[in-house]
Each structure stands twice: as C-alpha cells, then as structure tokens.
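*Asks:* Submitted below is the structure of interest, expressed as structure tokens.
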Amino acid sequence: MTATAPDAAAALAGGSQPLLQVEGLQKYFPVNRGIIFQKQVGAVKAVDGLSFNVNKGETLGVVGETGCGKSTMGRLLTRLLEPSGGSIRFDGRDITHLSRAGMRPLRKDIQIIFQDPYSSLNPRHTIGTIVGAPFRLQKVQTDSGVKKAVQDLLALVGLNPEHYNRYPHEFSGGQRQRIGIARALALRPKMIVCDEPVSALDVSIQAQVINLLDDLQDEFDLTYVFIAHDLSVVRHISDRVAVMYLGKIVEIGDRISLYEHPMHPYTHALLSAVPVPDPVKESKRERILLTGDVPSPLNPPPACRFHTRCWKAQAICKQVEPPLVQIQPGHEVACHFPEERVLV
Amino acid sequence: MTQEMIESAAAPRGAASAFLELRDLKVHFPTDDGLVKSVDGLSFQLEKGKTLGIVGESGSGKSVTSLAILGLHKGTRAHLSGEVWLDGTELIGASKEEVRKLRGSKMAMIFQDPLSALHPYFTIGSQIAEAYRIHNDVSRKAARARAVEMLERVGIPTPDKRVDDYPHQFSGGMRQRAMIAMSLSCNPELLIADEPTTALDVTVQAQILDLLRDLQKEFGSAIIMITHDLGVVAEFVDDLLVMYGGKCVEYGTVNEVFYEPQHPYTWGLLSSVTRLDRVREDRLKPIAGSPPSLINVPNGCAFHPRCPYEPQTGGKGSTVVPELVDAGKGHLVRCHLSAKERQDIFLKQVKPTL
Ligand SMILES: Nc1ncnc2c1ncn2[C@@H]1O[C@H](COP(=O)(O)OP(=O)(O)O)[C@@H](O)[C@H]1O
Ligand SMILES: Nc1ncnc2c1ncn2[C@@H]1O[C@H](COP(=O)(O)OP(=O)(O)O)[C@@H](O)[C@H]1O
Ligand code: SF4
Ligand code: SF4
Ligand SMILES: [Mg+2]
Ligand SMILES: [Mg+2]
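As structure tokens, then:
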C-alpha cells in the first residue's frame, strides 16, 4: 500500500501525474419553497471548495462528523452527482461535466462501495446475477464466460464460488460486504471510492474486510478514496488523510504527520474524542469536549466555519477565511493559529 | 462471584443481596426454524453506583438480556427462566403490572435509536412530562417544569424554548440527549444503556458519556453499558462481561479483562481491533469465520469453529460445553484450556501482538 510516495509533490517530481486531481469542487443542493411556483430560497453547501490529489496506488482517507459532506464528495468523484463548481480530472481527463454516455466507458475504471451491504444488494437477485451485472452492462466478453469470471471473483474476495446461486439474505453482513467488493472489482477498476465500507460490521469482521481491501490493493494496484468516521480504521488503511468540516477540508496530510503532529483544532478535538481500548491510558487521557452541534450547512458560519466551536477563536477567525496552506511538506492546514498537539 | 456461587447458581436460593442480580437467566424464542437460544444461562451481580459493561458481536444476546431485565418479554412468545432480582424484588416471576411500575421509576433504558423511544407527533417536552407523570402525582405545570429542568441537565441549549420542539427539529445528538432526559426524569436507580452512542459521532459520544458519568455520580445509579466498542468500555465501566452465542464467556473487572484476558474470544477481540494508541501494524489479525447462528449453536464450546486453540482441547471443544470457572479472584472464564495453558498462550502468543 505504501509503494507510492505519500507526497503529491514528490510524485509530480517523479514525472507521474496524480490519478485523481480535484480543484475547488462544490456541490450546492438547492432548497426550494412554494408548490406551484418553486422558488429557490437557499442552498445546502454540502461540499464547498475541495482541492486535493490522489496518486495511483495510494489510499486517501476522509474523516469528519456526520453531515460534513463525505458521501456527497464520494458521489461527486464517481460522478453519481453533478458538481456545482470546480473540476475533477481522472487519469488526466476532465470528467467534471461528462454526460452519462460520456461517463460510461469510465464506469469500469471508477467504482464505489457503500456502507450498507444490505440495501445496496437487490434481494431478488442471486449473487451470480449481482456480481455479474457489471459484465453485462459493459457488454464485456470474457473468454471463459461470465459465470466463470464471477466465480473467480467470489473466490478472490473469500466467498465460496459454489454460492453463485444464493440470495443476499443467505449471507452475513461481512459476507454481503464481500459481495459488494466483488461487484466493484468485476471490471478491474483503477479507483474505488469506499463510503464507510466497514462501519456496519462487527470488529472481528471489520478486520477481515480491511485485510481483504489491503490485499486487493496490492494485487491490482488499486487507488482508494476511503471515507469513514472511525479514525483508527482510517489510520490503518490510509497513506494520506483529509479531515473535513462543514463541506471543507480543514487539514490534509500524510498519515504519520496527521496523526502524530495534528495541527488543526478540529483534528485535535476529533482525535481526543476517540476512546482507546486501554483502561489505564484512557483514564489519563486529555479530552477536548466540543460544545454544541455542527452548524447547518444551509447557513454555515462565515470565515472559519469552525469558529463557533473553537476554543482558540480570535476576531480574525470570524472575518477572514483561513486558506488551506502547506505547513510542512505533505501537510496542509486551514487555520489562522495552527499548532502541533500530541494526542495519540 | 465465587466458584461456589457459580455451581449453586441453578439451585433455588433466597433473595439476592446485590442491588441487581441475574441468576441463570435464559431467554429462548420458539420460531419456525427452531428454538433460538438468545440468552442461555446468564448470571451476574451489579451494585449501585457501579457500571457493568457487556460486549459481544451482534446477535450474541445483549439486547435480549436488557429487555428481559426490564420485563419487556412479558406477554410475548419468549420462554424465560431463571431469576432477575432488583433491590430485593424478583422480576421474572412478577406480574406484568408490577414490572411496568418499576420500569421508568426504578429502572430505565436508553436505546441506540432515539426515534424508537420518541413519538414523532408529540413535542419533546410533552413526552418527558408524560413519562414523569406516570410515576409521579404532579400537575401538568410541574411536569413541564421537570421536562425543562431535565433538558437543561442533559445540555440542551435554551431548554425553555426547545421543550416545545418536535423530535425532527432536534439533531441526532440532541435527540439522544432528549431520550436520556426522558429516561432519567424519575431518577432511576438502574439504567440500561444499549449501544447508546453507536450511531453517534465520536465528538457527540464523548459528550454523552460525560453526561452519563455526571448523572451517575449525582444519583448513584447502577448502569449496564452494552456496546461493541472496546474503547467505550475501557473508558466507562468497572466490570466487564464478554458474551458469545448467548453465554458469558468471560467476566472480570475491566482491568482484569483488558490486561489479563483469559478467553480465546476475548484475545481475538482485543487483537483484531484497530487502535490509535499503538504503533500501526501492516496487517490486522481478524477472528476467522463469523458469529454463530443462535438456532444452530455449534456443539460444545460455541466459539470452537473459530478458535485457533480448539485442537489443544483434545476434542472437548467441539463436544462438551465448558463451564464458567473462576480463574482467580472472581475473574471467570468459560474454556476447556487449563489455567497453565491459557497463561502460556497469552504470554507467548497473544500479549506480544496486543
Ligand atoms: N440530495 C440532497 N439534497 C439536499 N441535501 C443533501 C442531499 N444529500 C446530502 N445533503 C446534505 O448535505 C450535507 C452533507 O451530507 P453527506 O455528504 O451525506 O455527509 P456525510 O457523508 O459526511 O455524513 C448534509 O447536510 C446533508 O443533509
Ligand atoms: N423476538 C425474537 N424472536 C426470535 N429471535 C429473536 C428475537 N429477538 C432476538 N432474537 C434473536 O436473538 C439473538 C440475540 O439477539 P440480540 O440480543 O438482539 O443480539 P445483540 O447482542 O446484537 O443485541 C439474535 O440471534 C436474534 O436474531
Ligand atoms: S481559524 Fe481560528 S476559529 Fe478556525 S480553527 Fe483556527 S483558531 Fe479556530
Ligand atoms: S473451549 Fe476450546 S474451542 Fe472454546 S475457547 Fe476454549 S480452547 Fe477455544
Ligand atoms: Mg455519509
Ligand atoms: Mg443489540
């Protein structure tokens, strides 16, 4: 997983361009009022100006509280949603506003895995049909037939190929997530967006699925965008990590830098809130308790969006938006008063 | 619990001395596919002011246990046996009416999903007031005042205004607080929290755990914290019960279970979890296989199909159900391995990987 240099700059210096280049990406969902004459009265600024790169073969982890725009970002990257602004380049090609037809050949390169292995599998279809669907949609002719290809995939993700004719309800949560992974892998994608792929699973099963994702990445040189709210899972799987708050990236950096030298107050609060499974250490840890709730993305606070909950906020934080700037090579922070703090 | 107490658990005894005591609780559901043994012989004690954690994979019988304590299986097809003693009263044999009176006043529960406890058509305040009036003979006005007071206690800003909001006007974290306010309105002495923070962000989880800790300090309630998050357990509980396939497989103080775990399943849980407080490893160590079906619980030790040490028990693991025995000072374990074998495996194979 760590074959590629974590630093985008280093990759560029090496001559290879990032597989995914995102610039100023926005998604505003209009809020309408009125029954006959619909009038837009506002917009949910779900994603509001994201810029980042992902190199080939690496994993970018994305963390942040519920509603901060992680899933919206994932759906924009896979072009299940139309961006309101900004640009997405995949493999050197601008895909920001590609039509459905224009996206079709790219569908095999970019796949998505969802959190809920239950609702994302059609209960009336057999596993064979579900995992084989991408072959049929893309009209791929496989030399040994779709069935053989599907059975190979099932074996690859650790399922019994004999279960080809079974239905989703006959499988456990962990097995259903494997089915979702097999389906995503069918067309040998270059990049997979994983949206909370292990959040619904028990810890012992989480570890199985994470190891599987790791193995597949090594075997097929896959690139992952791994969305999760569990910071320890994200640390395990990611080469680089982005922390989001209210539609924006507030901090992004390589794994070690971000977890060992976090700079943004919000990252500090998140890390300090994760309880560690060690009673003595836990009793001695410092915890930053954030007060109140995340403000509404309909009407986010001006300038630094975190200022309503930040214990370090000064007058400037309410007036000037802090830009995302590089503080160290491979580590960017959006805060007027960044400061290293050791929390794990 | 001592060895003697465990052995005599099935025999009838007098009233329990502990504030809460379960004796050989069984909850079985007859279904078309067979008998589901959701809880199969669970015993433990809990004193006021203390917190017991129950951990285990989904389907291991945690929620069914809590519903049994609250008497919520009464009048369903569930078959119950054993005893549940709460402050000198036995609840399994008690009438539905008797238990209903205790529920809400002496014992209360908070759930993972607050919407299951809050009605969408009534204001938050009216629901808390109603819960309070069931058990307290007070005027509507006094009950409303109590609702405002409780909302303030759980950290809802401007509670005198928010008291008239409907559940959908609250965020997820606020709804969880509102449910806690409702559950605590009668100062219950026993609070069962069933995955209270599982659906919440870590930041909100930290607030809720903090709140529960404060309230426990103030009212001296006993708390049962059901969760699958080992971090939450490490932070919050005094004693810990590990459940697998409807049975307790390990029980001890939180320090005993975390620092000297005895059961292969507990070892598996502790080594499979990703953790921020340790150096990151290249590879996780999952437990093989998946949790058992409670209709077809594996013979012998329910964990044996997933247990790497099963071959060492000379076939007993797959044929004989191990007893829950005392591994020292009331630290209980249900495994055929001898104390010496467990010690060796733990020190040589497990501890270095934790
Ligand atoms: N289709 C939609 N229409 C309107 N608002 C939406 C839609 N999808 C998401 N949102 C809003 O956008 C914000 C970000 O949501 P989401 O991307 O799902 O966050 P996350 O995955 O981080 O929890 C939330 O406030 C959510 O309510
Ligand atoms: N009313 C019921 N009828 C039949 N089976 C049930 C019923 N309630 C729970 N079960 C089964 O009992 C087992 C334990 O469930 P539960 O206590 O909810 O597990 P958990 O540890 O995840 O809380 C599960 O296998 C579940 O399917
Ligand atoms: S810019 Fe100001 S308000 Fe925002 S995170 Fe930094 S210190 Fe806090
Ligand atoms: S009894 Fe045997 S199978 Fe069960 S946990 Fe112990 S060693 Fe493993
Ligand atoms: Mg999401
Ligand atoms: Mg449950």
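Residue numbers (my numbering), protein chains in the order written: chain L, 1 to 344; chain Z, 1001 to 1354. Every residue gets a Cβ at the ideal spot worked out from N, C-alpha and C, and that includes glycine. A quick note: this is a predicted structure, and the numbers were derived from the prediction, not measured.
Mind checking whether the beta-carbon of LEU1324 (chain Z) lies closer than 7 Å to any heavy atom of ligand 4?
*Replies:* Incorrect: LEU1324 (chain Z) has no Cβ contact closer than 7 Å to ligand 4.
*Asks:* Go through its chain and collect everything with a Cβ distance to LEU1294 (chain Z)'s Cβ below 7 Å, but skip five positions before and after it.
*Replies:* Cβ within range, chain order: VAL1036, LYS1037, SER1038, GLY1059, GLY1245, GLY1246.
*Asks:* In angstroms with no decimal places, state the Cα-to-Cα distance between LEU1324 (chain Z) and GLY49 (chain L).
*Replies:* Whole-angstrom Cα-Cα distance: 58 Å.
*Asks:* Have a look at L:SER84, L:LEU270, L:GLN177, L:PHE37 and flag the residue whose alpha-carbon is nearest the alpha-carbon of ASP116 (chain L).
*Replies:* Looking at the Cα atoms, L:GLN177 is the closest of the given residues.
*Asks:* In chain order, what residues of the stretch 235-261 of chain L put their CB closer than 9 Å to some CB of chain Z?
*Replies:* Cβ contacts with chain Z come from ARG235, HIS236, ILE237, ARG255, ILE256, TYR259.
*Asks:* Return the CA-CA distance between ARG33 (chain L) and PRO1157 (chain Z), expressed in angstroms with no decimal places.
*Replies:* If I take the Cα positions, the gap works out to 29 Å.
*Asks:* Is SER1271 (chain Z) near ligand 6, in the sense that its beta carbon is under 7 Å from a heavy atom of that ligand?
*Replies:* SER1271 (chain Z): no, Cβ never under 7 Å from ligand 6.
*Asks:* Suppose you measure from the CA of ASP1239 (chain Z) to the CA of PRO277 (chain L); what does that come to, to the nearest Å?
*Replies:* The straight-line gap from Cα to Cα measures roughly 14 Å.
*Asks:* Please classify SER99 (chain L): is it buried, with 16 or more other beta-carbons within 10 angstroms of its beta-carbon, or exposed?
*Replies:* It counts as exposed.
*Asks:* Which two residues bound the contiguous alpha helix (DSSP H) that contains ASN1255 (chain Z)?
*Replies:* Its alpha helix (DSSP H) spans residues 1254-1259.
*Asks:* In the DSSP assignment, what are the bridge partners of ARG33 (chain L)?
*Replies:* L:LYS39.
*Asks:* Would the stretch 1067-1084 of chain Z count as touching the stretch 1295-1307 of chain Z if we require 3 or more Cβ pairs under 8 Å?
*Replies:* Result no; under three Cβ-Cβ pairs closer than 8 Å.
*Asks:* ARG1023 (chain Z) lies in the beta strand (DSSP E); which residues open and close that run?
*Replies:* ARG1023 (chain Z) -> beta strand (DSSP E) spans 1020-1031.
*Asks:* Examine ligand 3 and report whether any of its heavy atoms sits within less than 7 Å of the Cβ of PRO322 (chain L).
*Replies:* Result yes, Cβ under 7 Å from ligand 3.
*Asks:* So is GLN188 (chain L) buried or exposed if we call it buried at 16+ other beta carbons inside 10 Å?
*Replies:* The sequence given here has Arg at residue 188 (chain L), not Gln. By the 10 Å Cβ count, ARG188 (chain L) comes out exposed.
*Asks:* Examine chain Z for any beta-carbon lying closer than 8 Å to the beta-carbon of GLU340 (chain L), and answer yes or no.
*Replies:* Answer no: the Cβ-Cβ gap between GLU340 (chain L) and chain Z never drops below 8 Å.
*Asks:* Check whether the Cβ of THR66 (chain L) lies closer than 8 Å to any Cβ atom in chain Z.
*Replies:* So yes, THR66 (chain L) belongs to the interface.
*Asks:* Output needed for TYR1265 (chain Z): all residues of its chain with C-beta closer than 7 Å, excluding positions within five of it in sequence on either side, in chain order.
*Replies:* Contacts found: VAL1242, TYR1244, VAL1249, PHE1303.
*Asks:* Are the stretch 1049-1058 of chain Z and the stretch 1218-1233 of chain Z touching by the rule of at least three beta carbon pairs closer than 8 Å?
*Replies:* With a cut-off of 8 Å, the stretch 1218-1233 of chain Z and the stretch 1049-1058 of chain Z count as touching, because enough Cβ pairs lie within range.
*Asks:* How about ILE1156 (chain Z): is its C-beta nearer than 8 Å to some C-beta of chain L?
*Replies:* No, no contact with chain L.
*Asks:* Does the CB of ALA13 (chain L) have a neighbour CB from chain Z at under 8 Å?
*Replies:* Because ALA13 (chain L) sits at a pLDDT of 46, beneath the cut-off of 50, its placement in the model cannot be relied upon, and the following sentence gives the value as read from the coordinates. So, not an interface residue.
*Asks:* If you draw a straight line from the C-alpha of TYR1358 (chain Z) to the C-alpha of LYS312 (chain L), how long is it?
*Replies:* Any property of residue 1358 (chain Z) remains undetermined from this structure, which presents chain Z solely from 1001 to 1354.
*Asks:* If PHE306 (chain L) and TYR245 (chain L) are in contact, beta carbons under 8 Å, what's the gap, nearest whole angstrom?
*Replies:* So it is a contact: roughly 6 Å between Cβ atoms.
*Asks:* Should ILE36 (chain L) be labelled buried (16 or more other beta-carbon atoms within 10 Å of its own) or exposed?
*Replies:* The residue is exposed, with fewer than 16 neighbouring Cβ atoms inside 10 Å.
*Asks:* Extract the residue ranges of the alpha helix (DSSP H) inside the stretch 1161-1245 of chain Z, only unbroken runs of 4 or more that lie entirely within it.
*Replies:* For the stretch 1161-1245 of chain Z, whole alpha helix (DSSP H) runs of length 4 or above, ordered along the chain, are 1172-1184, 1202-1219, 1230-1236.
*Asks:* Which residues of the stretch 153-183 of chain L have a Cβ closer than 9 Å to any Cβ of chain Z? Give them in chain order.
*Replies:* Those would be SER172, GLY173, GLY174, GLN175, in chain order.
*Asks:* Under 8 Å, Cβ to Cβ, is there at least one residue of chain Z near ASP116 (chain L)?
*Replies:* Judged by the 8 Å Cβ criterion, ASP116 (chain L) is not in contact with chain Z.
*Asks:* How about GLU282 (chain L): is its C-beta nearer than 8 Å to some C-beta of chain Z?
*Replies:* So yes, GLU282 (chain L) belongs to the interface.
*Asks:* Taking Cβ-Cβ distances shorter than 8 Å, what residues in chain L pair up with PHE946 (chain Z)?
*Replies:* It is not possible to answer for residue 946 (chain Z), since the shown part of chain Z is limited to 1001 through 1354.
*Asks:* Just the C-alpha distance for ASN1136 (chain Z) and THR267 (chain L), rounded to the nearest angstrom, thanks.
*Replies:* So the two alpha carbons sit approximately 45 Å from each other.
*Asks:* I'd like the span of the beta strand (DSSP E) that includes MET1107 (chain Z), first residue to last.
*Replies:* 1107-1110 is the span of the beta strand (DSSP E), which, as asked, contains MET1107 (chain Z).
*Asks:* Jot down the residue ranges of each uninterrupted beta strand (DSSP E) in the stretch 1040-1110 of chain Z, minimum 3 residues, whole runs only, in chain order.
*Replies:* Runs of the beta strand (DSSP E) inside the stretch 1040-1110 of chain Z: 1051-1055, 1079-1086, 1107-1110.
*Asks:* Could you give the residue range of the alpha helix (DSSP H) that holds ALA1142 (chain Z)?
*Replies:* Note, ALA1142 (chain Z): alpha helix (DSSP H), 1140-1153.
*Asks:* Please name the residue in Z:THR1313, Z:SER1116, Z:GLN1262 whose C-alpha comes closest to that of PHE1346 (chain Z).
*Replies:* It is Z:GLN1262.
*Asks:* Flag SER1171 (chain Z) as yes if its beta-carbon sits less than 8 Å from any beta-carbon of chain L, otherwise no.
*Replies:* Yes, because at least one Cβ of chain L sits closer than 8 Å to the Cβ of SER1171 (chain Z).
*Asks:* Would you report the Cα separation of GLU286 (chain L) and LEU1102 (chain Z), rounded to the nearest angstrom?
*Replies:* Computed Cα separation, rounded: 38 Å.
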